[in-house]
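Chemist:
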Amino acid sequence: MVEADEVQIIDLSERFSLISLMNGDMIRLRTAVTQVFAVRGAKDSDGNQMYLVRSQNLMVIQKQAPLFTIAPPAEGTSKA
């Protein structure tokens, strides 16, 4: 088990990542950070504090509107 102390979040700006797919759909993905912990005695190679982050992923799928639609025949016309 890792020893860590919770660090209070004072400001949080979470933006969506936009992922466009070949089929025309778009995925909007956002990571919602819920808690941050400073790992006791852990530093990276540059001497910066190491953190553990608890988060959840939020995903929204946006369907692309079709490029065109086929309208039904108008009343009184025939499908010739």
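The working numbering numbers the first residue of the sequence shown as 1044 and each following residue consecutively.
Idealized CB from N, CA, C, for every residue including glycine.
Report the partner residues of S1060 according to the DSSP bridge assignment.
Modeler: L1072
Chemist: Would you kindly check if the distance between the Cβ of T1074 and the Cβ of N1091 is under 8 Å?
Modeler: no
Chemist: Whole-angstrom Cβ separation of A1081 and D1048, contact assumed at under 8 Å?
Modeler: Right, the Cβ-Cβ distance comes to about 5 Å (below 8 Å), so this counts as a contact.
Chemist: Between Q1078 and R1058, which are expected to be in contact by the criterion C-beta below 8 Å, what is the C-beta distance as a whole number of angstroms?
Modeler: About 20 Å; that fails the 8 Å criterion.
Chemist: Which of the three DSSP states, helix, strand or coil, is assigned to S1098?
Modeler: Here S1098 sits in strand by DSSP.
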